[in-house]
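To start, the structure itself, in structure tokens.
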Amino acid sequence: MSVRDVMAVKLREALAPTELEVIDESDRHIGHGGWREGGETHFSVKVVSPAFIGKSRVERHRMVNAILAEELAGRVHALAVNAKAPGE
Amino acid sequence: MSIQDTIKNEVTSNDVVLFMKGTPQFPMCGFSGQVVQILDYIGVPYKGVNVLEDEAIRQGIKDYANWPTIPQLYVKGEFIGGCDIVREMFQSGELQSHLAANGIPVKQGAGA
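First to last, the protein sequences are chains A and B.
Under the UniProt record's numbering, the residues of the first sequence are numbered 1 to 88, in order.
Under the UniProt record's numbering, the residues of the second sequence are numbered 1 to 112, in order.
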């Protein structure tokens, strides 16, 4: 399974999102810091989940970072996060 | 002084601090560069700390805020967020009003 798919599965299991997009943006960062041959280093996550209701931006990002801690400690160098509650 | 004390001293003795890769003049990472552009645009004075110059700060700042990535923006000692959060707050005008509410001058009319 690709890093992207692993991340999507983990987010789906933890947040039961109503919308989820995990985009590998590594190609846009070729040659930049942290980029590696084969990509899967720079990701963007768009997630809408009821789990975010009543949470601040920082809390939402921390939730996502915790779910993906293993990936962030490993191959993933950069993660852009857009976390919304339904209806926002 | 431990590294955590050093960081705490940095973020409490300066109103606005950006921990970043590179310097405000020469950002070494696109995400750090975006935050620099926003802060420059709204005309707020800030201190840039280049984490690439100090491995202890580079790791220490991640532990300090329990936040795994850089850049990190602090206002009056409070962790505000990374690139995505700063951009969202800038676009909605919250960043400008948060700074103003803390008595930090921003350029008039520096909206999103």
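Even glycine gets a Cβ: it sits at the ideal position worked out from N, Cα and C.
Considering only the alpha carbon of each residue, which of the options lies closest to residue i?
{"i": "Gly-39 of chain A", "options": "A:Thr-18, A:Lys-84, A:Ala-83 and A:Ser-2", "result": "A:Ser-2"}
{"i": "Val-64 of chain A", "options": "A:Val-9, A:Glu-37, A:Asp-5 and A:Ala-83", "result": "A:Ala-83"}
{"i": "Ile-3 of chain B", "options": "B:Ile-85, B:Ser-92 and B:Arg-58", "result": "B:Arg-58"}
{"i": "Lys-10 of chain A", "options": "A:Ala-69, A:Pro-50 and A:Thr-41", "result": "A:Ala-69"}
Let me confirm a value: residue i is counted as buried when at least 16 other C-beta atoms fall within 10 Å, else exposed. Which label applies?
{"i": "Gly-82 of chain B", "result": "buried"}
{"i": "Phe-90 of chain B", "result": "buried"}
{"i": "Phe-43 of chain A", "result": "buried"}
{"i": "Met-7 of chain A", "result": "buried"}
{"i": "Ile-38 of chain B", "result": "buried"}
{"i": "residue 113 of chain B", "result": "Nothing about residue 113 of chain B can be reported from this structure: the residues present for chain B run from 1 to 112 only."}
{"i": "Asp-84 of chain B", "result": "buried"}
{"i": "Arg-36 of chain A", "result": "exposed"}
{"i": "Pro-27 of chain B", "result": "buried"}
Name the DSSP bridge partner or partners of residue i?
{"i": "Leu-15 of chain A", "result": "For Leu-15 of chain A, which the question treats as bridged, DSSP gives no partner whatsoever."}
{"i": "Gln-4 of chain B", "result": "Gln-4 of chain B pairs with nothing; no bridge assigned."}
{"i": "Ile-30 of chain A", "result": "Per DSSP, none; premise fails for Ile-30 of chain A."}
{"i": "Val-75 of chain B", "result": "B:Val-16 and B:Glu-78"}
{"i": "residue 105 of chain A", "result": "The shown model of chain A, from 1 to 88, leaves out residue 105 of chain A, and the question about it has no answer."}
Touch check for the stretch 54 to 65 of chain A and the stretch 20 to 29 of chain A: three-plus C-beta pairs under 8 Å?
no
Inside the stretch 6 to 67 of chain B only - beta strand (DSSP E) runs reaching at least 3 residues
16 to 20 and 47 to 50
Please determine if the stretch 40 to 48 of chain B and the stretch 18 to 31 of chain B are in contact, where contact requires at least 3 C-beta pairs separated by less than 8 Å.
Yes: at least three Cβ pairs fall under 8 Å.
Every unbroken beta strand (DSSP E) within the stretch 36 to 80 of chain A, with a cutoff of 3 residues, ordered by chain
42 to 48
Okay, do the stretch 67 to 87 of chain A and the stretch 57 to 74 of chain B touch, 3+ Cβ pairs below 8 Å being the bar?
yes
When you compare the stretch 6 to 16 of chain B with the stretch 51 to 66 of chain B, are there three or more beta-carbon pairs, one atom per stretch, that lie closer than 8 Å?
Verdict: yes, contact present.
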